[in-house]
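Chemist: Residue numbers (my numbering): 1 to 963. Built from N, CA and C at the ideal position, the CB exists for glycine as well. I'd like to ask some things about the structure below.
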RNA sequence: GCCCCCGUAGCCCAACGGCAGAGGCAGGCGACUUAAAAUCGCUCAAGUGCGGGUUCGAAACCCGUCGGGGGCACCA
């Protein structure tokens with residue numbers, strides 16, 4: 001028979017946990033009141049007036065069919081601990097979780113099985129909800145939205161129409177409604193594209209002028225076409241190797257008509273406002289890198305075409321100071337001027353044979369080169385490495401500062417997609433140009449004095465004194481690089497040959513996909529093919545049922561294929577009669593769908609007011625939860641202001657560019673249009689580390705189930721040996737997942753230990769931002785802690801309370817006070833691992849007492865609640881409190897108990913500890929110095945040496961410098 | 001090639017520039033048990049990757065170097 005029926009086992013933990021989860025749900029414990037909107041509870045909100053609110057957010061999960069593994073909940077537990085702690089500090093805390101329900105896996109599954117993706121997704125959501133509920137997360141379950149619900153994507157579509165109906169006013173530095181653009185054209189405040197008065201433009205011309213300014217626009221442009229997925233992709237979804245981030249299929253550049261978002265208009269604000277948010281530097285750096293703002297100059301090189309026309313080749317350079325060293329030019333193969341620069345006839349007499357590409361004439365050489373370049377994928381270009389290729393066009397341009405005639409080449413190391421698609425070749429200052437010049441026998445002029453010992457076979461791109469840079473009007477010689485840049489830009493601007501400018505790596509965002517399982521566009525085309533956004537009253541545009549979910553996919557390397565969206569196969573949905581204000585007319589619906597990012601661009605706003613069917617979020621509600629603060633975020637530079645936003649956002653670093661950039665963009669548009677009052681979505685973002693696990697391969701390199709591997713410790717510190725079914729296996733470390741056969745499910749943890757133990761273990765493994773290895777056998781440490789905590793309150797045999805109503809002794813009071821102080825600060829700073837360590841320390845102290853005083857027990861129970869809420873609730877209840885401790889105030893430490901009466905003072909000689917003395921905590925420096933010098937050990941050690949200096953850090957340290 | 005992060009007991013991790021150890025795992029010893037598991041108690045264990053420097057004093061700050069992880073990469 002069981003002698004300890006009331007021991008805190010996994011089984012007992014499970015019963016307690018499920019009971020409390022039911023009670024929290026029934027009582028709506030985590031429902032956060034809103035100040036306005038359909039759920040307005042202003043009186044409830046007013047009760048939080050003293051301590052304010054806190055908005056905590058997790059990254060929007062995709063409900064995967066594979067279920068969760070133990071790595072997934074790390075961030076969710078982190079936010080939950082933080083949220084629960086702050087409820088105890090008296091804040092109105094909003095924390096909830098919804099689902100990013102549109103996505104590729106459900107659609108691919110649907111294609112294979114014919115199962116509707118909604119059904120699959122709903123089933124997956126049920127599983128995930130169960131797994132997360134069992135974890136005891138304190139979510140406001142009323143706010144759990146899903147992007148696939150028409151009541152949600154109605155507003156995704158509405159936001160799209162707002163973006164479509166907006167333009168970016170450069171002068172005002174913000175987005176404005178299209179109607180104001182039309183008004184500006186009408187009043188003549190804004191010149192039309194060709195300068196004619198607005199009224200003289202035809203209807204089509206007026207429409208084109210407006211459409212060219214829209215923040216969402218459709219355009220025929222080279223896009224990333226992925227035949228293997230049957231869809232086009234955004235730049236951000238294509239890897240450096242030119243493959244799809246999802247599925248790793250080849251991606252080709254094809255010119256197709258697609259929807260784009262003019263995110264480039266926000267490049268500066270997206271870059272600048274990174275200074276205003278509290279994010280990891282790493283992530284800020286990645287976004288800055290992606291935006292790729294570079295300061296420089298645009299310079300025009302005059303060229304006379306073979307046909308006799310005067311043209312200019314515009315180049316962008318970050319190093320205008322090196323203009324005097326420009327000895328050639330290179331255009332991208334796709335550059336529009338190439339055609340007109342190709343010299344007719346044979347090569348000129350004496351043309352360097354290396355320049356000709358072994359062709360008989362410039363036109364043959366250039367067309368062969370261009371053809372070859374057009375056939376290359378990014379992968380090919382990559383694999384060619386740094387070997388510079390190119391051919392001469394037969395034309396010469398004029399260097400605007402030297403007046404020299406310099407040859408113009410076509411070369412594929414110049415990319416059409418960056419800058420102007422043309423570069424000035426400065427072999428002395430740019431390694432790529434140097435390599436090109438060496439290969440083609442072009443002159444190399446240094447314009448910055450290289451330091452001594454600089455290798456002769458390299459360009460010099462560093463700082464130094466400008467040389468070889470003067471003409472009749474200007475001399476840069478002797479200037480630093482920065483001075484020279486400034487001087488030459490001024491000269492270029494004065495002479496009309498160029499101007500200072502900024503370029504960006506960021507491109508407009510490709511926003512359409514040829515998929516079924518996504519939001520339909522709220523766009524229809526009239527009979528002339530013009531796009532119209534649908535009015536609010538016609539939203540949502542519901543996703544129709546289709547006979548076949550598959551996008552037409554192709555052989556992954558079929559370059560000639562073209563996308564065909566599934567929705568185009570439902571003619572009765574595509575062709576509609578609508579009245580858009582000018583009577584019923586025939587329209588054709590847009591058949592592309594939105595990318596997965598659309599729903600996740602604004603979900604945090606919907607969390608705030610999910611039941612609102614009048615607006616996507618009530619402005620007062622948004623202002624309450626996300627308003628800008630008076631004070632700036634931590635570490636913000638001088639002069640910036642707080643942008644508002646979510647108080648804490650925890651998620652993986654894998655979305656550093658994609659989701660976090662897109663969401664910032666949409667947020668800024670909504671701010672510009674006056675719908676919200678915060679300028680940034682995520683004031684503080686914290687990037688959690690990834691939990692990984694060991695995986696094992698057998699002699700053939702096949703993965704074997706990690707949980708079945710046995711470890712034999714090596715003798716005398718040798719490496720341990722690992723075996724699986726008797727055969728030796730090799731250990732490696734990697735991502736948790738099916739393919740490495742090292743996945744551990746949270747369900748197993750609930751069954752073996754309970755959710756609280758699992759939570760404590762995950763939080764205590766190490767700092768939240770750091771990756772670390774999962775180790776199932778170490779989980780028991782967390783369980784032992786909770787068992788001891790339980791035993792400090794409850795008798796394992798009888799189930800009776802063991803706490804006593806005697807006051808705490810002095811030592812216990814001090815230990816409790818220290819813990820309160822430390823644990824509170826650790827929770828606040830997201831240092832959950834050290835918070836748990838301090839709780840364990842205090843608990844171990846209490847364990848050693850003959851009986852635990854009630855006050856000590858209650859204090860530690862309350863402090864433990866954020867990490868282990870179920871056991872804390874249960875003990876709190878056993879201690880006689882009928883209500884949940886969710887809103888119980890976090891204990892406050894008596895400052896008097898934090899300072900010791902006496903402390904151990906360390907006495908060092910030359911920085912080495914030589915003696916310790918007990919002294920009063922308030923001892924003066926002089927007294928302490930005297931006491932230290934009087935120490936017998938010190939006197940003996942100094943042995944008459946003179947004391948040169950004494951450093952006193954009362955009351956803990958004295959350092960004597962002798963000699 | 002460039003940029004960022006991390007190197008502390010066998011392992012995961014602590015330590016305002018001031019006594020290297022808070023906590024956990026594993027190991028060892030002991031208690032309980034017929035026994036084992038679980039549990040409890042005790043215990044062992046590193047001088048902080050390496051080399052310089054700054055300082056009265058460095059795991060911490062600076063420079064260099066090695067190792068691990070991540071990001072970017074013909075971006076003009």
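Less than 7 Å between C-beta atoms, sequence neighbours within five positions excluded: which residues of the same chain meet that for residue 878?
Modeler: Same-chain partners within the cutoff: 793, 794, 801.
Chemist: Of the choices 350, 320, 309, whose alpha-carbon is the least far from that of residue 298?
Modeler: Per the Cα distances, 320.
Chemist: Rank 137, 51, 36 by C-alpha distance to the C-alpha of residue 22 and give the top, closest one.
Modeler: Nearest C-alpha to residue 22: 137.
Chemist: Given a cut-off of 7 Å on the beta-carbon distance, is the pair residue 759 and residue 77 in contact?
Modeler: Going by C-beta atoms, residue 759 is nearer than 7 Å to residue 77.
Chemist: Going straight from the alpha carbon of residue 452 to that of residue 55, what length do you get?
Modeler: C-alpha separation (whole angstroms): 58 Å.
Chemist: Grab me the residues of residue 505's own chain with a C-beta within less than 6 Å of its C-beta, minus the 5 sequence neighbours each way, in chain order.
Modeler: Here the set comprises 292.
Chemist: At which residue ranges does the region 579-622 contain complete beta strand (DSSP E) runs of 3 or more residues, listed in the order of the chain?
Modeler: As far as the region 579-622 is concerned, its whole beta strand (DSSP E) runs of at least 3 residues are 584-589.
Chemist: Which of the three DSSP states is assigned to residue 374 in this structure?
Modeler: Of the three classes helix, strand and coil, the one that applies to residue 374 here is helix, per DSSP.
Chemist: Grab the span of the beta strand (DSSP E) containing residue 98 for me, first residue to last.
Modeler: No beta strand (DSSP E) contains residue 98, which DSSP labels as neither H nor E.
Chemist: Let me check understanding here. Comparing Cα to Cα, which of 145, 649, 127 lies closest to residue 66?
Modeler: Considering only alpha carbons, the answer is 127.
Chemist: Let's test the definition: count the other Cβ atoms within 10 Å of the Cβ of residue 591 and tell me whether it reaches 16, buried, or not, exposed.
Modeler: Buried: at least 16 other Cβ atoms inside 10 Å.
Chemist: Would residue 414 and residue 341 be called neighbours here (beta carbons separated by less than 7 Å)?
Modeler: Contact flag unset, no.
Chemist: Can you list the alpha helix (DSSP H) stretches of 4 or more residues lying completely in the region 42-116, in chain order?
Modeler: Those alpha helix (DSSP H) runs which fall completely within the region 42-116 and span 4+ residues are 42-46, 73-88, 104-113.
Chemist: Going straight from the alpha carbon of residue 454 to that of residue 460, what length do you get?
Modeler: Distance between the alpha carbons of residue 454 and residue 460 is about 8 Å.
Chemist: Return the CA-CA distance between residue 511 and residue 232, expressed in angstroms with no decimal places.
Modeler: Residue 511 and residue 232: Cα-Cα distance of roughly 9 Å.
Chemist: Rounded to the nearest angstrom, what separates residue 173 and residue 482 at their Cα positions?
Modeler: Computed Cα separation, rounded: 29 Å.
Chemist: Compare the beta carbon distance of residue 736 and residue 686 with 7 Å and say whether it is the shorter of the two.
Modeler: No, the pair does not count as a contact, with Cβ atoms beyond the cut-off.
Chemist: Could you pull out every residue in the same chain whose Cβ sits closer than 6 Å to the Cβ of residue 565, ignoring the five residues on either side in sequence?
Modeler: Answer for residue 565: 514, 591, 592, listed in chain order.
Chemist: Select from 245, 285, 204, 472 the residue whose C-alpha is nearest the C-alpha of residue 324.
Modeler: Of 245, 285, 204, 472, the residue nearest in Cα terms is 472.
Chemist: Could you give the DSSP three-state label for residue 419: helix, strand or coil?
Modeler: If DSSP states are grouped into helix, strand and coil, residue 419 belongs with coil.
Chemist: Quick one, which of 140, 39, 287 has its alpha-carbon nearest residue 663's?
Modeler: Comparing Cα positions, the closest option is 287.
Chemist: How far does the alpha helix (DSSP H) with residue 729 in it extend, from its first residue to its last?
Modeler: No alpha helix (DSSP H) contains residue 729, which DSSP labels as neither H nor E.
Chemist: If you measure between the beta carbons of residue 167 and residue 213, is that distance less than 7 Å?
Modeler: Their beta carbons are under 7 Å apart, which means residue 167 touches residue 213 by this criterion.
Chemist: With distances taken Cα to Cα, identify the nearest neighbour of residue 108 among 230, 44, 854, 891.
Modeler: With distances taken between Cα atoms, residue 108 lies closest to 230.
Chemist: So, are the CB atoms of residue 926 and residue 942 less than 7 Å apart?
Modeler: Cβ distance not < 7 Å, so residue 926 and residue 942 don't count as in contact.
Chemist: I'd like the span of the beta strand (DSSP E) that includes residue 259, first residue to last.
Modeler: Looking at the DSSP string, the run of the beta strand (DSSP E) that includes residue 259 is 252-261.
Chemist: Grouping DSSP H, G and I as helix and E and B as strand, with all else coil, what is residue 575?
Modeler: Strand.
Chemist: Straight-line CA distance for residue 365 to residue 311?
Modeler: Whole-angstrom Cα-Cα distance: 22 Å.
Chemist: What is the residue span of the beta strand (DSSP E) that residue 496 lies within?
Modeler: Premise fails: residue 496 is in no beta strand (DSSP E) and is neither H nor E.
Chemist: What runs of the alpha helix (DSSP H), each 4 residues or longer, lie entirely inside the region 426-488?
Modeler: Entirely contained in the region 426-488, the alpha helix (DSSP H) runs reaching 4 residues are, in chain order, 431-440.
Chemist: The alpha helix (DSSP H) spanning residue 904 covers which residue range?
Modeler: Run containing residue 904: none in the alpha helix (DSSP H); it sits in the beta strand (DSSP E), 902-909.
Chemist: Roughly how many angstroms separate the alpha carbons of residue 437 and residue 396, rounded to a whole number?
Modeler: Approximately 16 Å between the Cα atoms of the pair.
Chemist: Please classify residue 858: is it buried, with 16 or more other beta-carbons within 10 angstroms of its beta-carbon, or exposed?
Modeler: Classification for residue 858: buried.
Chemist: Which full runs of the alpha helix (DSSP H) of 4+ residues lie inside the region 200-246, going along the chain?
Modeler: Entirely contained in the region 200-246, the alpha helix (DSSP H) runs reaching 4 residues are, in chain order, 203-211.
Chemist: Would a C-beta distance cut-off of 7 Å place residue 147 and residue 429 closer than the cut-off?
Modeler: Not closer than 7 Å, so no.
Chemist: Measuring CB atoms only, is the region 152-163 touching the region 667-683, in the sense that at least three cross pairs come out at less than 8 Å?
Modeler: Yes, since at least three Cβ pairs between the region 152-163 and the region 667-683 fall closer than 8 Å, the two stretches touch.
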